[in-house]
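Heads up: the structure comes next, in structure tokens.
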Amino acid sequence: MEFCPKCGCVLIEKTKNFGCPRCNYKAKGKIKIESSEKIETKPEIGVIIDNDDSVFPIINAQCPKCPNKEAYFWTSQTRAGDEAETRFFRCTKCKNTWREYH
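For the sequence shown, the working numbering assigns the number 316 to the initial residue and increments by one for each residue that follows.
In structure tokens form, the structure reads like this:
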């Protein structure tokens, strides 16, 4: 992108050449206009690996697959920032993982 040397306005394409829309300056030759965009990746949802269980707190929670009543617990922001966090649980016995939305 190039700017007018007289007034600083962005040069635009006029008929066959480029010029300033404010002060009628005309550029000699062609002007190269480039644009770019930086795209950032979103962080992944917090999933734990079997060896990482021991760092999470254990709470009383009924496993939906077995009769065990203890589970590891963690939270993660899986939706928009103004909405509540999602609570994840992993059974201490059968390693079943489930979540609760609130």
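Just so it is clear, CB atoms sit at the ideal spot from N, CA and C, and this is done for glycine as well.
In the DSSP assignment, the beta strand (DSSP E) including residue i goes from what residue to what residue?
| i | result |
| --- | --- |
| T412 | T412 to Y416 |
| K329 | I327 to K329 |
| A376 | Taken as a continuous stretch (DSSP letters only), A376 belongs to no beta strand (DSSP E), as it is neither H nor E. |
So, under 8 Å CB-CB, residue i and residue j are touching, yes? Tell me the CB distance rounded to an integer number of Å.
| i | j | result |
| --- | --- | --- |
| F404 | A376 | 5 Å |
| I327 | P336 | 6 Å |
If you draw a straight line from the alpha carbon of residue i to that of residue j, how long is it in whole angstroms?
| i | j | result |
| --- | --- | --- |
| E355 | T407 | 36 Å |
| A386 | T393 | 20 Å |
| V325 | E317 | 6 Å |
| K380 | A395 | 30 Å |
| S350 | G334 | 19 Å |
| V370 | G323 | 58 Å |
Flag this pair as yes or no: are the beta carbons of residue i and residue j separated by less than 9 Å?
| i | j | result |
| --- | --- | --- |
| E329 | K343 | The identity of residue 329 in the sequence shown is Lys, whereas the question assumes Glu. No; because the gap between Cβ atoms is not below 9 Å, this pair is not in contact. |
| T390 | E400 | yes |
Determine, using beta carbons only, whether residue i comes closer than 9 Å to chain D.
| i | result |
| --- | --- |
| P372 | This model lacks chain D altogether; it includes just one protein chain. |
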